[in-house]
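In this note's numbering, the protein residues as written are 41 to 437.
Data block below; observations after.
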């Protein structure tokens, strides 16, 4: 257990070092544990191919980190913020839900057409696309349990592809929509400075003791939600419906956040900011361990069908963004910027979405609404909607 966790930490540290040194990785928002973990897994692939050496990783620490991350996502789900986004936020939520369903229909349909298991299609559908590496790691044990060999390698490879594809597609598509519909003229101002100023949050000055107490409270609330969530997961399992292991904890955390949010002082007592920090740290550790433990040799026979599904997902994302999302969002400058963000977290993750929108705004002018809407959806709604739809598809399959 400790050796497996240690290899994951080394992968994370290697990725952090490379992200600082290699401009390409920072430009395309490739997570540090993905970079370092992929290098470690490639090294293990070399050892397996040349010397026949095979490593087995123990996943207890990885699973705990995964549970903590998704529990922290539940605590970020404040239903009241929907009012702040207005109609564009509601439209984007619906668009994301439809996108997730379509991604699974496409991947499962292609897999079935190739005579393969529908589970293989799910491993290249919304699990790695809208879900990214976090959801991919969360669902891969379930896919393995249901009979898909090498599920972790398939989902992680697809999620890595999606990160790069989302960054490459979003900016150019948003820019093309702006030029085609003459929505804005190229600007000269330093928009990035405006964006950074807008996104900066004012944080209260705290003593070290108060900060320690907040992190302690956040950790206690996360563990309490996980404890209650484990009981809920057992009750959900009794229904005969297949749910991911973290689903109970995510629901309990969401319930606790919104019950506490009825009164502002109770909401602040949850220390959500500290929960987010703990969740982010756990996500980094989880990804480092998950990526380092990939068995890439299992992908050899699946490379062609996996590539076919993934390129189909990219093509659909481009068509969906240009001809469905853009008109429904209003066919204006804000909608073009939102489409670039949709491509980011529709194929990769929320940081990709933010980077895409920043690139578009840098060329033209800053648009505040997308930078409010996209983080809300990425933090609160994508994982919950995705988990529900994935669960439905897995049970239908």
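From the three backbone atoms N, C-alpha and C, an ideal C-beta is built for every residue, glycine too.
{"Asked": "Unbroken alpha helix (DSSP H) run spanning residue 349, endpoints", "Found": "343-360"}
{"Asked": "Closest Cα partner of residue 167 within the set 291, 141 and 150", "Found": "141"}
{"Asked": "Same chain, Cβ closer than 8 Å to residue 337, five either side skipped, listed in chain order", "Found": "85, 88 and 89"}
{"Asked": "Assigned exposure category for residue 16 - 16 Cβ within 10 Å defines buried", "Found": "This structure cannot speak to residue 16, because the chain is shown only from 41 to 437."}
{"Asked": "Through-space distance from residue 434 to residue 423, alpha-carbon basis", "Found": "16 Å"}
{"Asked": "Beta carbon of residue 176 nearer than 7 Å to that of residue 196", "Found": "yes"}
{"Asked": "Delimiting residues of the alpha helix (DSSP H) encompassing residue 88", "Found": "72-91"}
{"Asked": "Host alpha helix (DSSP H) of residue 364 (start-end)", "Found": "Taken as a continuous stretch (DSSP letters only), residue 364 belongs to no alpha helix (DSSP H), as it is neither H nor E."}
{"Asked": "Extent of the continuous alpha helix (DSSP H) run through residue 190", "Found": "That residue, residue 190, is in no alpha helix (DSSP H); it is neither H nor E in DSSP."}
{"Asked": "Exposure label - residue 117; buried when at least 16 CB within 10 Å", "Found": "buried"}
{"Asked": "Beta-carbon contacts of residue 94 that lie in its chain and below 7 Å, excluding the five residues immediately before and after", "Found": "88"}
{"Asked": "Counted within 10 angstroms of its Cβ, other Cβ atoms place residue 299 as buried (16 or more) or exposed", "Found": "exposed"}
{"Asked": "Where residue 260 falls, given that 16 or more other Cβ within 10 Å makes a residue buried", "Found": "exposed"}
{"Asked": "Cβ neighbour criterion (16 or more within 10 Å) applied to residue 96", "Found": "exposed"}
{"Asked": "Beta-carbon proximity of residue 297 to residue 115, cut-off 7 Å", "Found": "yes"}
{"Asked": "Opening and closing residue of the alpha helix (DSSP H) in which residue 164 lies", "Found": "No alpha helix (DSSP H) contains residue 164, which DSSP labels as neither H nor E."}
{"Asked": "Cβ-based burial, residue 318 [other Cβ within 10 Å; buried from 16]", "Found": "buried"}
{"Asked": "Collapsed DSSP secondary structure at residue 94 in the structure displayed", "Found": "coil"}
{"Asked": "Cβ-Cβ separation, residue 150 to residue 348 (assumed contact under 8 Å), whole Å", "Found": "6 Å"}
{"Asked": "For residue 112 and residue 262, believed in contact at Cβ under 8 Å, the rounded distance", "Found": "6 Å"}
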